[in-house]
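The sequence shown begins at 14 in the numbering used here and counts up one residue at a time.
Glycine residues also receive a C-beta, built at the ideal position from the N, C-alpha and C atoms.
Small disclaimer: the values here were computed from a predicted structure and weren't measured.
The structure appears right after this line, and notes come after that.
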Amino acid sequence: MISSVNPAAGSPGGGTPVTLTGSNFTQATVVRFGPNFALSYTVVSATQITAVAPPGSGTVQITVTTPGGTSNGVAFGYVVAPVPVLTSVSPGQGPVGGANTVTLTGSGFTGATAVRFGSTPATSFTVVSATQITAVAPPGSGTVQITVTGPGGTSNGVSYGYVAVPVPVPVLTSVSPGQGPVGGGTTVTLTGSGLTGVTGVAFGAVPALSFTVVSATQITAVAPPGAAGPVQVTVTGPGGTSNGLTYFYVGVPTLTGVAPAQGRTSGGTTVTLTGTNLLGATAVRFGAVDATSFMVVSATQITAVAPPGSGTVQITAVTPGGTSNGVPYTYVPTPVLTGLSPTQGPLDAGTTVTLFGSGLTTTSSVLFGATPASFTVVSDTWVTAIAPSGPAGPVNVRVVTVGGSSNSVVYTRIGPPEV
14 MISSVNPAAG
24 SPGGGTPVTL
34 TGSNFTQATV
44 VRFGPNFALS
54 YTVVSATQIT
64 AVAPPGSGTV
74 QITVTTPGGT
84 SNGVAFGYVV
94 APVPVLTSVS
104 PGQGPVGGAN
114 TVTLTGSGFT
124 GATAVRFGST
134 PATSFTVVSA
144 TQITAVAPPG
154 SGTVQITVTG
164 PGGTSNGVSY
174 GYVAVPVPVP
184 VLTSVSPGQG
194 PVGGGTTVTL
204 TGSGLTGVTG
214 VAFGAVPALS
224 FTVVSATQIT
234 AVAPPGAAGP
244 VQVTVTGPGG
254 TSNGLTYFYV
264 GVPTLTGVAP
274 AQGRTSGGTT
284 VTLTGTNLLG
294 ATAVRFGAVD
304 ATSFMVVSAT
314 QITAVAPPGS
324 GTVQITAVTP
334 GGTSNGVPYT
344 YVPTPVLTGL
354 SPTQGPLDAG
364 TTVTLFGSGL
374 TTTSSVLFGA
384 TPASFTVVSD
394 TWVTAIAPSG
404 PAGPVNVRVV
414 TVGGSSNSVV
424 YTRIGPPEV
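Rendered as structure tokens:
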């Protein structure tokens, strides 16, 4: 059984595709438009058949024949379609590269199957109504006739002119970042105008390793290797070569020294790093730990505050040119005193006192109370000092090293006997 046909009318010349809806279509063997066989047909499912109408006239009945018999008929009318007529096109001209949208006005556009610019089909078109079509012009040259073809035939032509549009020279306004290592590999973003169709990006005379045109105003490019110093970045497109923007190749930083080369495990020691290519430093690291703070003094000097740490680590500096070699820096533990001998002495100066403990190698002073004493570092666990004179009674003795100030041990001064 056939319940509907869509569309229900077509051209007398045949060729109209129709969709039949109904039931029990699975084993269809024949589809007829009146007495005439369909030009072709496809059984889509048990409820749908697509068929191509043969030539005909007037109104006929479409039927489907299966092993179960012939279906009811549904009406299909052969209609003489009007020939499309074009009255205007807007705009009446466009670039030789095409891609602009034009609006065609006229009549008889329903069912239009083609729009041509001369002999070239439109890139695409949309039938808006029986009186209007929008179409995208293909590339072309000179003046051509636009025509519309529909079931009723091909329309008259309306003139459309292809105009050569000047291609602008690309312009660059910024490059970010504006510097990178001499080894190349930095991805930079170029901003400007007229960048569509760019065919080359150069850093000085050297082509970029690669580049991508993101839009008419932006390109990303990978810098090639280069010599330390400035170069001009340019882009080349159909309109010519752009102005240049300065990009700096930065040499790899090197460190030659650090002073002092050791400090407290608690951090806080200010060190001075010397080397080359240190301008623009973005980080100073003690091992894997960032400096508490740092300041770039010049291309050859940085001051940095050591973070807490332990043992010996490598200090490195990071700049746009890369990461430097390392210079060693040693964290010195806080000194510890465990005893002294002798523990007492006279009021006068001159008694040699031996201090025992650990972390004493870098001792810079020995204090009896607030009074400094002369001293000799014997080993990391042993320092001798000459006790200064002082009043009778106990006094706290401590040592100061690169690692800080030790705990105190007590030394007692004893006055002379009296009769």
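Cα-Cα separation between residue i and residue j, rounded to whole angstroms
i, j, result
"proline 348", "threonine 329", "28 Å"
"glutamate 431", "serine 354", "26 Å"
"phenylalanine 388", "proline 273", "22 Å"
"proline 67", "glycine 163", "17 Å"
"valine 171", "glycine 110", "20 Å"
"threonine 202", "glycine 335", "19 Å"
"glutamine 74", "glycine 90", "9 Å"
"serine 168", "serine 101", "12 Å"
"valine 128", "threonine 55", "29 Å"
"glycine 324", "threonine 289", "26 Å"
"valine 236", "threonine 332", "The sequence shown places alanine at residue 236, not valine. Cα to Cα, the separation comes out at about 17 Å."
"glycine 165", "serine 223", "54 Å"
"threonine 379", "proline 346", "Note that residue 379 is valine in the sequence shown here, rather than threonine. The straight-line gap from Cα to Cα measures roughly 17 Å."
"phenylalanine 381", "glutamine 327", "37 Å"
"proline 48", "serine 58", "24 Å"
"glycine 217", "proline 266", "23 Å"
"proline 20", "proline 30", "8 Å"
8 Å Cβ cutoff met for residue i and residue j
i, j, result
"arginine 426", "valine 412", "no"
"alanine 241", "tyrosine 260", "no"
"valine 140", "proline 97", "no"
"threonine 249", "threonine 200", "no"
"glycine 69", "phenylalanine 46", "yes"
"threonine 63", "threonine 32", "yes"
"valine 366", "threonine 397", "yes"
"alanine 400", "alanine 386", "yes"
"serine 187", "leucine 268", "no"
Element boundaries [beta strand (DSSP E), containing residue i]
i, result
"glycine 174", "171-176"
"serine 53", "53-58"
"serine 377", "Neither: serine 377 is in no beta strand (DSSP E) and is coded neither H nor E."
"threonine 397", "395-399"
"leucine 373", "Run containing leucine 373: none; DSSP gives neither H nor E here."
"glycine 406", "406-414"
"glutamine 61", "61-65"
"leucine 185", "184-189"
Closer than 7 Å: residue i CB and nearest the ligand NAD heavy atom
i, result
"serine 53", "In the structure shown, the ligand NAD is absent, as is every other ligand, since no ligand is present at all."
Chain D contact for residue i (CB, 8 Å cutoff)
i, result
"leucine 350", "Reference to chain D is not applicable here, since this structure consists of a single protein chain."
Worksheet item: Taking contact to mean at least 3 C-beta pairs separated by less than 8 Å, is the region 170-187 in contact with the region 247-264?
Response: yes
Worksheet item: Looking at C-beta atoms only, is the number of pairs between the region 151-166 and the region 288-295 that lie closer than 8 Å three or more?
Response: no
Discussion item. If contact is defined by three or more beta carbon pairs under 8 Å, each pair taking one atom from either stretch, is the region 72-83 in contact with the region 101-118?
Written reply: no
Practice prompt. Can you check the region 104-137 for any alpha helix (DSSP H) of at least 4 residues that lies completely inside it and give the ranges in chain order?
Written response: none
Worksheet item: Enumerated in chain order, which unbroken segments of the beta strand (DSSP E) with a length of 3 residues or greater are wholly contained in the region 265-336?
Response: 267-272, 275-277, 283-289, 296-299, 306-311, 314-318 and 325-332
Worksheet entry | Validate contact between the region 265-283 and the region 310-324 using beta carbons, cut 8 Å, 3 pairs | yes
Practice prompt. Examine the Cβ distances between the region 195-215 and the region 224-238 and report whether three or more of them are shorter than 8 Å.
Written response: yes
Fill in: Sequence ranges, beta strand (DSSP E) only - wholly within the region 194-275, length at least 3
200-206, 213-216, 223-228, 231-235, 242-250, 258-263 and 267-272
Worksheet item: Are there three or more Cβ pairs, one per stretch, closer than 8 Å when the region 366-379 is compared with the region 305-317?
Response: no
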